[in-house]
C-alpha cells in the first residue's frame, strides 16, 4: 500500500529584506535593500502510512508549521516534492482540499456571528456532503466531543475549549482521509485535552484516518503517537519510535544511591559523574559522550560501592526532548 | 449542489443580523433618523430658493433620501462577523479560505451578494415608506423606473468591485485604514451621497466623470429624478457597464496575485 | 509631572512609529486634508447656491464649519482614540490596560498617534483664517477669547459624545456601531445654521444630540444671531461651559462603566 503522505526532499526558503539601523541605514535599505534567505525547511523526507498518527516535533521556529502549510497546499515548496493521498497539494489545491482537514491551533474557521451548527451546514454544502451522511457523522462526533450542549451558541460566545472541539469537528465533517493538526490542544484544560485525544484515537483507529500532528505537549505524544519525526532548524533530525528517541537522547538518567559508609571517598567509574553528594546520599549521572546506559551504570555503582539503597530516575519525555532540541540544535 | 453552497454563503450576513436583533433595531433607527434629517435639511435649504443647479426642491429631496437608502445597501458593520479580509489576515484565518474546495473569490462574491440583497430589502422597505409618506416622488414613467432599476443594478455592481479592491489591498498591506478611508471619502463625495454632484463646480463634475464613483449612485439617482433625461440614458448605462468590465478585469487580476502571494508567504 | 513626562515620551514614540510607515503616514495626512477640503467644497457650494441661509449672510455661515472643524481636529489630536475602542475590547487590550498602573483612558489615548489630525487641523486652520478675513465683525479681545473658548468647548463636547459611546461599548460591544454614525452626523449637520431645519429636528440636534452647541450656538452669539436660535440666549452663550461640564460627566460615566467592565467573553 502506498503512503498517505509522501515527502521527498521538501525545502522552503523565505527571502526577507533586513532593515539597517539609523536614518542613513533606512535610506540605504530603500535604495539597495539587503535580502537575506532564511531556510525554513531544508530537504525533509518522510512517509506517513494510511491510518497512522505521526507527531511532528521540534522547538518553536523549527519549520513544523511551514511543513504543514506545504502539505495543505497553502505554501509552495522551493524544492522537493510532496504528495498527500496521491495529490500534489500545491499544484492541485482544490482537489487536495477535498482529501484533507486541517486545524491551525487557536485560529478558528467557524463563522463568528453564527451558531456553530450553521457553520457546519455551510461547510457541508461547500464540501458537498450528503445530508444523511453529514447528520450521522455529526452524531458520531457529538458522542465523543459533546458538541450538542453548545452547538446552538454563536461562536463568539464559546469558550476556547468548546471552540477548538467545534473546529476539530468542522475539519473532519467531510470525511477527509488525511488530517493536519497544528497544535490543536494549545491552551486547553486537561479534561478537554483528554476528550480531544480520545476523539483523535477514535478517528485513527476506527476510521482509519491518517493524522499529522504538531504539539509541544509530550503527554499527548506519549498517549497518541507511536512514531515521531523530529525536526530542528528546518532539518530532519530523527524519524522513529518514541523508544528510539529515548535511546538516542534519553541519556539523562540519574542513579540515587545511599552508601553504607558515609565517609567513603567517592571516585566514580568511567563515564559516570557525581552530580550531588549529601553525606551518604550520592546522585550519579552520565558523563561525556561515552556514558553507559542506565542499566550498566546501576551495575557499576553496585559493584564499586557498598550501598544500602538505590533508585533510578529515568528522564521523562520532556527531558528527553529538551536534550534532543539542544543537541540537535548544536549539531 | 453548487446552488446549495451559494445559498449558504450568501445568507451568512442576513443570518448573523437576524441572530442579533439589537443590530437590526439600530439599523432601523439610524435609517429613520437619517431620512428625516436629510429630508428636512434639503427642504430647509430650499426655503428661499426655487430651482438651483437644475434641481427643484422635490427633486433634491428625493435625490438625498434615495441616496441615504441606497448607501444602506452595503453599509453594515463589516467587522462584526469577523469575516472581512483584513480580519482574516490579522487573525491568520485567511488560510482556511485557501483550504476549501470553494475558490476564495467565489466565496467572497457570494457573501457580498447576500449582503447586498439583504441591504436591498432594507432599502426597498424604506423606499416604500418614504413613497407612501410623500417624502420622495415616484418615478415619472415606467420607462424611467426601468432604466433606473437597470442603472442601479450596474451601480451596485461597480460598488461591489470598488469595495473588493479595498479588501484585496489587505493582502499586501496589513493596514488598509488609509485606503478604505480614501475610498469611503471618494465614494461619498463623488457619488453624490453628501450632495448631488450637480451642485458642485464644473471642474469637479468633469473630474468625477473620469472616475468610477459617480457610476455607483449619482447616475442612477439622476436618472430617477429626471436630471439626466431618458435620451441620455443609453450613454450613461454604457459608461456604467464599461466600468463593470474594467473593474472586473482588475479585480480578477488582483485575486490571482493575492493567491500567489498567499501561496508564497503562507498566509 | 511624572504623568506628563510619560505622556510626552509615549506620544513621541508613537509619532516616530507612524513615521516608520511613510506612505501610510503621508496618506493619512492627505486623507485628513482632503476629507476636510471636501467639507469646505461642500459648504461653499451650498453657500453660493443658497444665499441667505437661515437669515445669515455667507461670511457668517462660514464661521460655523470653521469652528466645528477646528474643534474636531483638536478632538482627534488630543482625545480622539475613543472611536476605535470596540477593537481594543474584542482583542482584550482593555484587560491588559487594566493591569497597568496608568488610567485606562490615558492608555487608550496613547495607543497610537492620530496622523490624520495633522491634515484635519491644517485645513481647519486655513478655513478659520478664511472665515475671519471675510468676516465683517469687529474682532475685539472679548470676541476672540469667546471664539477660543468655543473651540475648546466644542472639542470637549465632541470628545464627551465619543467617550459616552465608548463607555457604552465597555458593556455592550455593539455600541461601537453608533460611533461611525455619530461622526457622520456631526460632519453633515454640524456646519449649518440649524434654524433652517423644522423646530422638532432642530430640537433633536440641540437636546437629544447636542450638536448645536459645538459650533452653531457660539457662532450665532458671535455674529449677533444669538436671539433667534430657538433656545434662550444664555444657554446658547454658555456653550463653551456646557462643553466642559458634559466632558466631565462623560469621564465620570467612563469611570463607572469601567468598574462594571466584565471582559470579552463574559
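Protein chains in written order, with the working numbering: chain R, 1 to 331; chain B, 332 to 598; chain D, 599 to 864.
For each residue, glycine too, the CB sits at the ideal point set by N, CA and C.
Taking CB atoms only, residue 496/B has no neighbour in chain D less than 8 Å away. Judged by their CB atoms, residue 63/R and residue 234/R are nearer to each other than the 8 Å cut-off. The three-state reading of DSSP puts residue 237/R in strand, counting E and B together.
Contact check between the stretch 602-609 of chain D and the stretch 692-710 of chain D: three or more CB pairs, one atom from each, fall below 8 Å, which counts as touching.
At the C-beta level, residue 785/D and residue 813/D stay beyond 8 Å of one another. Residue 585/B and residue 444/B have their C-alpha atoms spaced approximately 19 Å apart. Note that the C-beta distance between residue 72/R and residue 12/R is not below 8 Å. With the rule of 3 Cβ pairs closer than 8 Å, the stretch 541-551 of chain B does not count as touching the stretch 455-469 of chain B.
Residue 489/B has its alpha-carbon roughly 23 Å from the corresponding atom of residue 470/B. For residue 213/R, the secondary structure class from DSSP, reduced to helix, strand or coil, is strand. Close partners of residue 383/B in chain D (Cβ separation under 9 Å): 647, 648. Beta-bridge analysis with DSSP links residue 615/D to no other residue.
Residue nearest to residue 310/R within the set 214/R, 50/R, 295/R is 295/R (criterion: CA-CA distance).
Close to residue 109/R, with beta-carbon spacing below 7 Å, are these residues of chain B in chain order: 424, 427. A straight line joining the alpha-carbon of residue 554/B with that of residue 93/R spans about 46 Å.
Among the residues of the stretch 623-636 of chain D, those with a Cβ less than 7 Å away from any Cβ of chain B are 625, 626, 629, 632, 633, 636, in the order of the chain. Around the CB of residue 649/D, fewer than 16 other CB atoms lie within 10 Å, so the residue is classed as exposed.
If you keep only unbroken alpha helix (DSSP H) runs of at least 4 residues inside the stretch 379-457 of chain B, you get 388-401, 416-422, 425-428. With fewer than 16 other beta carbons inside 10 angstroms of its own, residue 130/R counts as exposed.
Residue pairing of residue 277/R in beta bridges, as defined by DSSP: 282/R.
Contact annotation: residue 482/B and residue 390/B have beta-carbon atoms that are not nearer than 8 Å. DSSP, reduced to helix, strand and coil, places residue 487/B within a helical segment of the structure shown. For residue 644/D, the neighbours in chain B by C-beta distance under 9 Å run, in chain order, 376, 526, 530. Non-local C-beta neighbours of residue 756/D in its own chain, meaning closer than 8 Å and more than five positions away in sequence, comprise 669, 670, 673, 784, 812, ordered along the chain.
For residue 34/R, DSSP records a beta bridge to 18/R. In the DSSP assignment, residue 180/R falls within the beta strand (DSSP E) that extends over 178-182. Residue contact with chain B for residue 213/R: absent (no Cβ-Cβ distance below 8 Å to any residue of chain B). According to the DSSP assignment, residue 313/R belongs to the beta strand (DSSP E) that extends over 307-313. At least one C-beta of chain D is nearer than 8 Å to the C-beta of residue 380/B. Within the same chain, and ignoring the five residues on either side of residue 318/R in sequence, the residues whose Cβ sits closer than 8 Å to its Cβ are 218. Interface criterion met: the Cβ of residue 361/B is under 8 Å from a Cβ in chain D. Under the 10 Å beta carbon count, residue 770/D is surrounded by fewer than 16 other beta carbons and is classified as exposed. Taken through DSSP and simplified to helix, strand or coil, residue 713/D comes out as coil. If the five residues before and after residue 377/B are omitted, its C-beta is found closer than 6 Å to the C-beta atoms of 388, all from its own chain and listed in chain order. In its chain, beyond the 5 residues on either side, 3, 4, 5, 54, 210, 212 have a beta carbon closer than 7 Å to the beta carbon of residue 48/R. For the stretch 220-233 of chain R, the set of positions with a beta-carbon nearer than 9 Å to some beta-carbon of chain B is empty.
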